[in-house]
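To start, the structure itself, in structure tokens.
Residue numbers (the working numbering): 17 to 159.
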């Protein structure tokens, strides 16, 4: 998190940087031979994380957002995304691995950061799925 709030102009500039980075990510994914529908899913997952979570809540650049993955996946996404499901959590995990590999290849993050992300996902997935199940059972009780 940043200590002072960003101005509207600074947030808009970050959004433009994010959008440019997402376009590069899309091109990178296509170059790996993935189908356009798969690429669209990965880009959409990452766009939601970088613009609707990192940017909107903390004004954080994607390369500085690795430490936010666990909270995003284990709490925020489950509570805020109406489409949160086992499949969407796993899809997000795959997308984040690809995105941060892309950032590593661009030189925006180091190998330790990439390894931290992969370990966070590996070690956190069971807990995130349990949290999703708990939230689903609460909503079943409510309705």
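Even glycine gets a Cβ: it sits at the ideal position worked out from N, Cα and C.
- In this structure residue 34 touches residue 66 by the C-beta definition: roughly 5 angstroms separates them, less than 8 angstroms.
- In the DSSP annotation of this structure, the continuous segment of the alpha helix (DSSP H) that includes residue 29 starts and ends at 24–47.
- Residue 100 counts as buried, since no fewer than 16 other beta carbons sit within 10 angstroms of its beta carbon.
- Taking a contact as a CB-CB distance under 8 angstroms, the pair residue 116 and residue 133 counts as one, their CB atoms being some 5 angstroms apart.
- For the pair of segments examined, the region 44–60 was found not to touch the region 70–87: the number of CB pairs separated by less than 8 angstroms stays below three.
- Restricting attention to 122, 91, 112, the CA atom closest to the CA of residue 151 is found in 91.
- In this structure, DSSP gives residue 103 a helical state, which the three-state scheme calls helix.
- The beta carbons of residue 41 and residue 118 sit about 5 angstroms from each other, so the pair counts as a contact at 8 angstroms.
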